[in-house]
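**Student:**
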Amino acid sequence: MDSRREEEIQLTVPGGWRSDRADKVLAALHSRLSRSRWQKLLKEGRVWLDDRVLGQTDRLRSGDTVQITLPAPVPLDLHPVPMDLEILHEDEDLLVLNKAPGRVVHPGAGTGGDTLVHGLLDHCRGALTGIGGAERPGIVHRLDKETSGALVVAKREEAFRSLAEQFAARKVKKYYTALAVGVPDPASGRIENPVGRHPVHRTRMTCRADGREARTDYQVEASYAGVACRVGLRLHTGRTHQIRVHLKEIGHSLLGDRMYGYREGRLGGLAIPVPRVMLHAARIEFIHPARGGFLSVEAPFPEDFREVERLLADLAAG
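Quick note: the sequence shown uses the working numbering, first residue 1030, plus one each step.
This is how it looks when you write it as structure tokens:
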């Protein structure tokens, strides 16, 4: 099926329905589209009742049957770019990929034609049914440029909305692995310091009393001669730079995280090359938006993460 063709659908308001605004009724009957999307369709004259076009303020009642013409998805002003993507799971509704470190997710000021969205447009040719009326992949959450690991992408609008609701309701379980300076004591715990914008350095975040609620669980998984460790993390909230800020707050900045306190030579005076912030989204778990059931996807460590850990292991052994 060509996903770029217009789609004709018909809806009948069931018995016992109270008279209400057309946009509200249609959004309730056909939750694949948001209310704002229905408002746009009504404004564009794409919804008919009998022989007349429905307006946004018109009302619908029990027994009314409406015809709708859904426009073909509008391609973004972006071009598909062939890209080597590591797909961990894929079906007709969504995919989960292992994002490479250094890859920007969204196009923006200063980015080129090599963002993850460009690569997904190529990978998903003909499989995107349109999100918000545009033929684009639905990026449900974000990972920083330097962070690697599991990233969920919706291919259909209904999947995008379901996943976005799960993230908003904190039903998605997000597990990370990091390499950090030193070894936290105790070896496991919970960090609950609120996180907000730094009052002076506006590109940074910091722990502050008037910040937003933030909760991170941590567990030390391996220690390397006491100068560094591998730590597993469960993210309960999704504040910007949350893990990086929380570990800095307890005195254990992530390796390579120069924005939040890492300095060369901090590993017992040893110069171990660290190419980036050593943070990896190791596993993500959620309810499949179409099939139901629990989906858990693990993302293997990239080579640079494994190499830094090998150097730390050699340090501990030597």
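Just so you know, even glycine gets a beta-carbon here, dropped at the ideal spot from N, CA and C.
1. Pick from 1130, 1081 and 1244: whose alpha carbon is nearest that of residue 1311?
2. Can you tell me which of 1047, 1050 and 1076 puts its alpha carbon nearest to the alpha carbon of residue 1036?
3. Using C-beta distances below 6 angstroms, list every residue in its chain close to residue 1289, excluding the 5 sequence neighbours before and after it, in chain order.
4. Would residue 1185 be called buried (16 or more neighbouring beta carbons within 10 Å of its own) or exposed?
5. State the Cα-Cα distance for the pair residue 1117 and residue 1327, rounded to the nearest angstrom.
6. Could you tell me the distance, in whole angstroms, from the CA atom of residue 1143 to the CA atom of residue 1201?
7. Grouping DSSP H, G and I as helix and E and B as strand, with all else coil, what is residue 1217?
8. So is residue 1214 buried or exposed if we call it buried at 16+ other beta carbons inside 10 Å?
9. Would you tell me roughly how many angstroms separate the C-alpha atoms of residue 1346 and residue 1337, rounded to the nearest one?
10. Determine, using beta-carbon pairs with one atom in the segment 1055–1071 and one in the segment 1086–1106, whether at least three such pairs fall under 8 angstroms.
11. Identify, in the order they occur along the chain, each residue of the same chain with its Cβ nearer than 7 angstroms to the Cβ of residue 1072, setting aside the five sequence neighbours on each side.
12. I need the straight-line Cα distance from residue 1115 to residue 1177, nearest angstrom please.
13. How many angstroms separate the CA atom of residue 1279 from the CA atom of residue 1306?
14. Helix, strand or coil: how does DSSP classify residue 1288 here?
15. With residue 997 as the anchor, note down where its beta strand (DSSP E) starts and where it stops.
16. What are the partner residues of residue 1301, as DSSP defines its beta bridges?
17. Tell me the residue span of the beta strand (DSSP E) that contains residue 1157.
18. What does a CB cutoff of less than 7 angstroms around residue 1012 pick up in its chain, not counting 5 residues either side in sequence?
19. Within its chain, find whatever has a CB closer than 7 angstroms to the CB of residue 1330; leave out the 5 residues flanking it on each side and keep chain order.
20. Could you work out which residue in 1300, 1146, 1212 and 1170 is closest to residue 1196 when comparing CA atoms only?
21. As a quick exercise: from 1224, 1204 and 1341, pick the residue whose alpha carbon is nearest that of residue 1172.
22. Which class does residue 1200 belong to by DSSP, given the choice of helix, strand or coil?
23. With distance defined between alpha-carbon atoms, name the residue in 1209, 1166 and 1239 nearest to residue 1254.
24. Looking at the unbroken beta strand (DSSP E) that takes in residue 1146, where does it start and where does it end?
25. If you measure from the beta carbon of residue 1280 to each beta carbon in chain C, is any gap under 8 angstroms?
**Tutor:** Looking at the coordinates:
1. Counted from its first residue, the sequence shown places residue 1311 at position 282. When each option's Cα is compared against that of residue 1311, the closest is 1130.
2. What you label residue 1036 is simply residue 7 of the sequence shown in a count that begins at 1. Ranking 1047, 1050 and 1076 by Cα distance to residue 1036 puts 1076 first.
3. Looking up residue 1289 in the sequence shown gives position 260. Cβ neighbours of residue 1289 beyond the five flanking positions: 1273, 1277 and 1282.
4. In the sequence shown, counting from the first residue as 1, residue 1185 sits at position 156. With 16 or more other Cβ atoms within 10 Å, it is buried.
5. In the sequence shown, counting from the first residue as 1, residue 1117 sits at position 88. In the sequence shown, counting from the first residue as 1, residue 1327 sits at position 298. Straight-line Cα distance between these residues: approximately 8 angstroms.
6. Your numbering for residue 1143 matches position 114 in the sequence shown. Your numbering for residue 1201 matches position 172 in the sequence shown. The straight-line gap from Cα to Cα measures roughly 28 angstroms.
7. Looking up residue 1217 in the sequence shown gives position 188. Note: residue 1217 maps to strand in three-state DSSP.
8. Working through the sequence shown from its first residue, we reach residue 1214 at position 185. With fewer than 16 other Cβ atoms within 10 Å, it is exposed.
9. Locating residue 1346 in the sequence shown gives position 317, where the first residue counts as 1. Locating residue 1337 in the sequence shown gives position 308, where the first residue counts as 1. So the alpha carbons of these two residues sit roughly 14 angstroms apart.
10. yes
11. Position 43 of the sequence shown, counted from the first residue, corresponds to residue 1072. Hits under 7 angstroms: 1085.
12. To locate residue 1115, count along the sequence shown from 1; it is residue 86. To locate residue 1177, count along the sequence shown from 1; it is residue 148. Spanning the two alpha carbons is a distance of roughly 11 angstroms.
13. For the purposes of this step, residue 1279 is identified with residue 250 of the sequence shown, where counting begins at 1. For the purposes of this step, residue 1306 is identified with residue 277 of the sequence shown, where counting begins at 1. Each residue's Cα considered, the two are about 17 angstroms apart.
14. By one-based count along the sequence shown, residue 1288 stands at place 259. Here residue 1288 sits in helix by DSSP.
15. No information on residue 997 is available, as it lies outside the stretch 1030 to 1347 that the chain covers here.
16. Locating residue 1301 in the sequence shown gives position 272, counting from the first residue. Per DSSP, none; premise fails for residue 1301.
17. The residue given as residue 1157 occupies position 128 in the sequence shown. Careful: residue 1157 lies outside any beta strand (DSSP E) and carries neither H nor E.
18. No information on residue 1012 is available, as it lies outside the stretch 1030 to 1347 that the chain covers here.
19. Stepping through the sequence shown from its first residue, residue 1330 is reached at position 301. 1309, listed in sequence order.
20. If you number the sequence shown from 1, residue 1196 lands on position 167. Per the Cα distances, 1170.
21. For the purposes of this step, residue 1172 is taken as the residue at position 143 of the sequence shown. Among 1224, 1204 and 1341, the Cα nearest to that of residue 1172 belongs to 1204.
22. Sequence index remark: in the sequence shown, residue 1200 carries index 171 (1-based). Reduced to three states, the DSSP call for residue 1200 is coil.
23. Here residue 1254 is taken as the residue at index 225 of the sequence shown, counted from 1. If we check each option's Cα against that of residue 1254, 1209 comes out closest.
24. Along the sequence shown, one-based indexing puts residue 1146 at 117. Here residue 1146 belongs to no beta strand (DSSP E); instead the alpha helix (DSSP H) covers 1145–1152.
25. Among the chains in the structure shown there is no chain C, since it carries only a single protein chain.
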